[in-house]
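Undergrad:
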Amino acid sequence: CLEQYDAEFLGVLAMQHLDLFELKPPFYYFAPHRLVNRDHARIYPLYDALRRRFGCDTNLDLNRLARSTSAGSVQGMTGRDARDIGAAVARLLTHSRAERIVTCSPADYLAFRTYSGRETLFITECLR
């Protein structure tokens with residue numbers, strides 16, 4: 009899926025060059041779950057550094073796994089077993105007081121923009 013590759017490239021690149029981005033707390037950073045969970049040893053520390061540096065909320069749980077909106081899941085989009093993306097967004101933001109959401113994933117950007125009721129930014133919109 010091209011969306012996954014865009015999120016991986018932009019996400020990792022951004023996390024390696026945080027000084028190039030204007031990220032104003034309080035914000036919620038949605039890390040691409042497939043990326044974090046697939047290459048945990050390499051990727052998790054990048055997003056953990058973001059969280060520690062800015063004090064932002066993230067979709068990384070206590071087990072250090074990334075939780076999903078299911079917005080990029082082709083299998084879950086239609087039919088009897090379609091996923092409730094709005095409910096997933098609400099679940100992810102339950103304990104967050106962040107005023108804005110930032111992500112590098114096109115599908116998740118649309119999910120948060122549609123269902124969160126909060127300002128949602130694509131990571132490239134945060135470049136200085």
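The sequence shown maps to residues 9 to 136 in the working numbering.
Idealized CB from N, CA, C, for every residue including glycine.
#1: At the level of alpha carbons, what is the spacing between A57 and L21?
#2: Kindly indicate which residue of L26, D47, R46 has the alpha-carbon position closest to the one of Y37.
#3: Got a sec, what are the start and stop residues for the alpha helix (DSSP H) L101 sits in?
#4: Taking the alpha carbon of F130 as the point to measure from, which residue in K32, Y117, V97, Y123 has its own alpha carbon closest?
#5: Which class does D56 belong to by DSSP, given the choice of helix, strand or coil?
#6: Give me the Cα-Cα distance between C9 and H103, rounded to the nearest whole angstrom.
#7: Do you know how far the Cα of L31 is from the Cα of T128?
#8: With DSSP collapsed to three states, give me the class of L118.
#9: To the nearest angstrom, how far is it from the Cα of R121 to the Cα of N45?
TA: Judging by the given coordinates:
#1: 14 Å
#2: L26
#3: 93-101
#4: Y117
#5: If DSSP states are grouped into helix, strand and coil, D56 belongs with the helices.
#6: Only weak support is given to the placement of C9: the predicted model assigns it a pLDDT of 48, under 50, and the value that follows is read from those uncertain coordinates. So the alpha carbons of these two residues sit roughly 31 Å apart.
#7: 12 Å
#8: helix
#9: 24 Å
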